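Chemist: Here the protein sequences come in this chain order: A and B.
Number 111 marks the last residue of the first sequence (the numbering used here); no jumps.
Number 129 marks the last residue of the second sequence (the numbering used here); no jumps.
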Amino acid sequence: GAVVSQHPSWVICKSGTSVKIECRSLDFQATTMFWYRQFPKQSLMLMATSNEGSKATYEQGVEKDKFLINHASLTLSTLTVTSAHPEDSSFYICSARDSRSSGAFSSYNEQFFGPGTRLTVL
Amino acid sequence: GQQVMQIPQYQHVQEGEDFTTYCNSSTTLSNIQWYKQRPGGHPVFLIQLVKSGEVKKQKRLTFQFGEAKKNSSLHITATQTTDVGTYFCAVLSAGGFKTIFGAGTRLFVKA
Chain A
-10 GAVVSQHPSW VICKSGTSVK IECRSLDFQA TTMFWYRQFP KQSLMLMATS NEGSKATYEQ
50 GVEKDKFLIN HASLTLSTLT VTSAHPEDSS FYICSARDSR SSGAFSSYNE QFFGPGTRLT
110 VL
Chain B
19 GQQVMQIPQY QHVQEGEDFT TYCNSSTTLS NIQWYKQRPG GHPVFLIQLV KSGEVKKQKR
79 LTFQFGEAKK NSSLHITATQ TTDVGTYFCA VLSAGGFKTI FGAGTRLFVK A
């Protein structure tokens, strides 16, 4: 159980185009999903928190108009990189937490990560 | 915001040698989590520690949470080539909502 899928696994696009990445929780509901970006040999940087049925919460320095997030259902969040540029090339990973999670001392704090999407912008 | 410093950045070991990675915080942590990311893969949750002085074991892996809850360590006994990857510590932000990751320690194991 607790599987998160991500699609596509890799994508190559031309500069100026938009790319949509899907993140799905396959066997549990996730009111909250998280989007991370990871550059080679670096840590995961949280970009935004995706909230089902409401606006995403973006981390400082992340352009909300460039990285559009939609969380229309309890099992699907999408990240759209608009007008992509070569500096947007990175590994994008989503994660989800079982909706039963309820705080720092809950036994359900575990995050389940998708396999990631490697984006290359030419 | 809450941050954790993780050292070393990377370590090369001979198969069979032990390995330890450390996480430190200037503030008291309510919890700490550990993840492993294999090369080309995604992070996989290993464990969460919440109690002062807590020690947990998973086979050859030993996780510790400091008495002051400001530091934590992951120790691997007798490394194997399958242990290769990056080990991240992570903390839940206030309220237990967001997860903030340390820089990670890359482990290389030579057979």
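Cβ atoms here follow ideal geometry from the backbone N, Cα and C, with glycine treated the same way.
A quick note: this is a predicted structure, and the numbers were derived from the prediction, not measured.
Less than 6 Å between C-beta atoms, sequence neighbours within five positions excluded: which residues of the same chain meet that for Ser43 (chain B)?
Modeler: These residues qualify, in order along the chain: Val22, Lys88.
Chemist: So which residues of chain D does Phe63 (chain B) contact, with C-beta pairs closer than 7 Å?
Modeler: Protein chains A and B are contained in the structure displayed, whereas chain D is not.
Chemist: Return the CA-CA distance between Leu74 (chain A) and Cys41 (chain B), expressed in angstroms with no decimal places.
Modeler: One detail in the question is off: residue 74 (chain A) reads as His in this sequence, not Leu. Straight-line Cα distance between these residues: approximately 35 Å.
Chemist: Excluding five sequence neighbours on each side, which residues of the same chain lie with their C-beta closer than 8 Å to the C-beta of Leu63 (chain A)?
Modeler: Only Ser14, Gln18, Ala19, Thr20, Glu41, Ser88 meet the Cβ criterion.
Chemist: Taking three-plus beta-carbon pairs below 8 Å as touching, is the segment 70 to 87 of chain B in contact with the segment 103 to 111 of chain A?
Modeler: Not touching, per the Cβ criterion.
Chemist: Thr38 (chain A) touches chain B at which residues, Cβ-Cβ below 8 Å?
Modeler: Under the 8 Å cutoff, chain B gives Phe115, Lys116.
Chemist: Closer than 8 Å by beta-carbon distance: list the chain B residues that pair up with Gly50 (chain A), in chain order.
Modeler: Near Gly50 (chain A) there are no residues of chain B at all, since even the closest Cβ is about 12 Å away, more than 8 Å.
Chemist: Which value, in whole angstroms, describes the spacing of the CA atoms of Pro61 (chain B) and Phe101 (chain A)?
Modeler: Cα-Cα distance, rounded: 8 Å.
Chemist: On the three-state DSSP scale, how would you describe Thr38 (chain B)?
Modeler: DSSP places Thr38 (chain B) in strand when its eight states are reduced to three.
Chemist: Considering only C-alpha positions, which residue in the set B:Glu33, B:Gln76, B:Leu67 is nearest to Ala86 (chain B)?
Modeler: It is B:Leu67 whose Cα lies nearest to the Cα of Ala86 (chain B).
Chemist: Give a yes or no on whether the minimum CB-CB distance between Phe94 (chain A) and chain B is below 8 Å.
Modeler: Confidence at Phe94 (chain A) is low in this model, with a pLDDT of 43, below 50, so the placement of that residue is unreliable and no value is reported for it.
Chemist: Using a Cβ-Cβ distance under 8 Å, would Ser62 (chain A) count as near chain B?
Modeler: Not one chain B Cβ lies under 8 Å of Ser62 (chain A).
Chemist: Secondary structure at Pro61 (chain B), three-state DSSP: helix, strand or coil?
Modeler: In this structure, Pro61 (chain B) counts as strand in the three-state DSSP scheme.
Chemist: For chain B, find out if any of its Cβ atoms is closer than 8 Å to the Cβ of Leu35 (chain A); answer yes or no.
Modeler: By this cut-off, Leu35 (chain A) is an interface position.
Chemist: Between which two residues does the beta strand (DSSP E) containing Val(-8) (chain A) stretch?
Modeler: Neither: Val(-8) (chain A) is in no beta strand (DSSP E) and is coded neither H nor E.
Chemist: Is the CB of Asp42 (chain A) under 8 Å away from at least one CB in chain B?
Modeler: The sequence given here places Gly at residue 42 (chain A); Asp does not occur at that position. By this cut-off, Gly42 (chain A) is not an interface position.
Chemist: Hey, is Ser14 (chain A)'s beta-carbon within less than 8 Å of any beta-carbon in chain B?
Modeler: Ser14 (chain A) does not count as touching chain B.
Chemist: Could you please give me the residues that DSSP links to Lys9 (chain A) through a beta bridge?
Modeler: Bridge partners of Lys9 (chain A): A:Thr69.
Chemist: Would you mind sorting Phe148 (chain B) into buried or exposed? The rule is 16 or more other CB atoms within 10 Å of its CB.
Modeler: No answer is possible for residue 148 (chain B): it lies beyond the span of chain B, which begins at 19 and ends at 129.
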